[in-house]
Amino acid sequence: MIYDITRPLQNGMPYYPGDPEPRFRSIDCGKYRISSLSLSSHTGTHIDAPAHYIQGGTPVDEIAVSVTCGPCRVLDIRGCKRLVTPEDLHGLQKGERRVLFRTGYSSDNPDTDYPGISAETAQFLVQSGISCIGTDTPSIESPDGDGTVHQVLCNAGIPIIENLDLEGIDTGNYILVALPLRLAGGDGAPCRAVLCTEPKTGDKLCIF
């Protein structure tokens, strides 16, 4: 089973306060149509590259595909308070490299009081060997975050996938494929992200 966990890009979609408002326009060229797109590099489902917060950090086009694609763990942390602590990660298994947080946030009814991970949790994940982290909220930090969480993760070279659509996705193990637009030197980029249920022994990987 393959699940598309990407939020659609469209006019009227929520966007992070302070970012440019995304605008999309269809243009009729007679025999064909094209679209004009105006959006920030952090619109919709997107990946924050280390360069987003760290001077000289890895830009989005240099993030190895193997970092944002591969086995991952989805954790259902609905009900957590504004700051997610290490104690809330009881479903995280030893040796996990990629983890996605389902907080219950919905872009259909955007809530400005969504939870984010604490700086302590960010340090815990770095020390645990996590190489990629994702969330269904607009930011990995709570709305009143000061950027510390981003700095901790980006300084460790960990790309952050934000604004995922994890509604209906259960806690468990999956195969993640998250591919950002290859913007040269970019601090981030919109991406298409999917989850695939892990194949049974002897089965072919279902995304190939």
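First residue of the sequence shown? That's 1 in the working numbering, and the numbers climb one at a time after it.
C-beta atoms are modelled at their ideal positions from N, C-alpha and C, and glycine is treated no differently.
Quiz item: Hey, quick one: how far does the beta strand (DSSP E) through SER35 stretch, first residue to last?
Solution: Taking the first residue of the sequence shown as position 1, residue 35 is located at position 35. Looking at the DSSP string, the run of the beta strand (DSSP E) that includes SER35 is 33-38.
Practice problem: Count the C-beta pairs between the segment 172-191 and the segment 146-157 that are closer than 8 Å, then say yes if the count reaches three, no if not. | Solution: No, because fewer than three Cβ pairs between the segment 172-191 and the segment 146-157 fall closer than 8 Å, the two stretches do not touch.
Self-check item: From HIS42, SER35, LYS31, residue whose alpha carbon lies closest to that of PRO252
Solution: Any question about residue 252 goes unanswered here, given that the chain covers just 1 to 208.
Quiz prompt | Extent of the continuous beta strand (DSSP E) run through ALA193 | solution = The count along the sequence shown starts at 1 and reaches residue 193 at position 193. Annotation for ALA193: the continuous beta strand (DSSP E) segment containing it runs 188-197.
Quiz item: Which whole-angstrom value describes the C-beta separation of LEU100 and LEU153, a residue pair presumed to lie in contact below a C-beta threshold of 8 Å?
Solution: For the purposes of this step, residue 100 is identified with residue 100 of the sequence shown, where counting begins at 1. For the purposes of this step, residue 153 is identified with residue 153 of the sequence shown, where counting begins at 1. So it is not a contact: roughly 14 Å between Cβ atoms.
Quiz prompt | Nearest residue (CA-CA) to PRO115, options TYR174, ASN163, ASN11 | solution = For the purposes of this step, residue 115 is taken as the residue at position 115 of the sequence shown. With distances taken between Cα atoms, PRO115 lies closest to ASN163.
Exercise. Compare the C-alpha of TYR53 against each of ALA184, LYS94, PRO159 and name the closest.
Key: Within the sequence shown, residue 53 is the residue found at index 53, counting from 1. For TYR53, the nearest C-alpha among the options comes from PRO159.
Quiz prompt | One or two residues paired with VAL60 in a DSSP bridge | solution = Locating residue 60 in the sequence shown gives position 60, counting from the first residue. None, per the DSSP bridge assignment.
Quiz prompt | Residues near ASP76 in its chain [Cβ-Cβ closer than 6 Å; skip 5 each side] | solution = On the sequence shown, residue 76 is found 76 positions in, with the first residue counted as 1. These residues qualify, in order along the chain: ARG102, THR171.
Quiz item: When the distance is taken between beta carbons, is SER36 closer than 7 Å to ILE47?
Solution: Translated into the one-based positions of the sequence shown, residue 47 becomes position 47. Translated into the one-based positions of the sequence shown, residue 36 becomes position 36. Cβ distance not < 7 Å, so ILE47 and SER36 don't count as in contact.
Exercise. Identify whether GLU162 lies in helix, strand or coil by the three-state DSSP scheme.
Key: Along the sequence shown, read from residue 1 onward, the residue named residue 162 stands at position 162. Three-state result, GLU162: strand.
Practice problem: Tell me, please, which residues DSSP counts as bridged to PHE101. | Solution: Indexing the sequence shown from 1 puts residue 101 at position 101. Bridge partners of PHE101: LEU75, THR135.
Quiz prompt | Reference GLY95; option with closest CA among GLY79, ALA64, GLY129, SER107 | solution = As a working note, residue 95 is residue 95 in the sequence shown. Scanning GLY79, ALA64, GLY129, SER107 for the CA closest to the CA of GLY95 turns up GLY129.
Exercise. Identify whether ASP48 lies in helix, strand or coil by the three-state DSSP scheme.
Key: Working through the sequence shown from its first residue, we reach residue 48 at position 48. Three-state DSSP puts ASP48 in a strand.
Quiz item: Given that a residue counts as buried once 16 or more other Cβ atoms are within 10 Å of its Cβ, and exposed if not, what is GLY2?
Solution: Here residue 2 corresponds to residue number 2 of the sequence shown, with the count starting at 1. In the sequence on display, residue 2 carries Ile and not Gly. Exposed, because fewer than 16 other Cβ atoms sit within 10 Å of the Cβ of ILE2.
Quiz item: Considering only residues of the same chain and omitting the five flanking positions on each side of THR6, which have a CB-CB separation below 8 Å?
Solution: Start at 1 with the first residue of the sequence shown, and residue 6 comes out as number 6. Hits under 8 Å: GLY44, THR45, LEU164, ASP165, CYS191, ARG192, ALA193, VAL194.
Practice problem: Could you spell out where the alpha helix (DSSP H) holding ASN155 opens and where it closes? | Solution: To locate residue 155, count along the sequence shown from 1; it is residue 155. First-last of the alpha helix (DSSP H) with ASN155: 148-155.
Quiz item: By Cβ distance, which residues of its chain are closer than 7 Å to SER106, with the 5 residues on each side in sequence left out?
Solution: Within the sequence shown, numbered from 1, the residue matching residue 106 stands at position 106. Excluding residues within five positions, the ones whose Cβ falls inside 7 Å are GLU167.
Quiz item: How should ALA64 be labelled, buried or exposed, when 16 other C-beta atoms within 10 angstroms of its C-beta is the threshold for buried?
Solution: In the sequence shown, residue 64 corresponds to position 64, counting from 1. By the 10 Å Cβ count, ALA64 comes out exposed.
Quiz prompt | Supposed close pair PHE124, PRO86 - CB separation, criterion 8 Å | solution = Residue mapping note: residue 124 aligns to position 124 of the sequence shown, counting from 1. Residue mapping note: residue 86 aligns to position 86 of the sequence shown, counting from 1. That pair is a contact at about 4 Å.
Practice problem: Given a cut-off of 7 Å, decide if ILE117 and VAL67 are closer than it, judged by their beta-carbon atoms. | Solution: As a working note, residue 67 is residue 67 in the sequence shown. As a working note, residue 117 is residue 117 in the sequence shown. No, they are not a contact pair.
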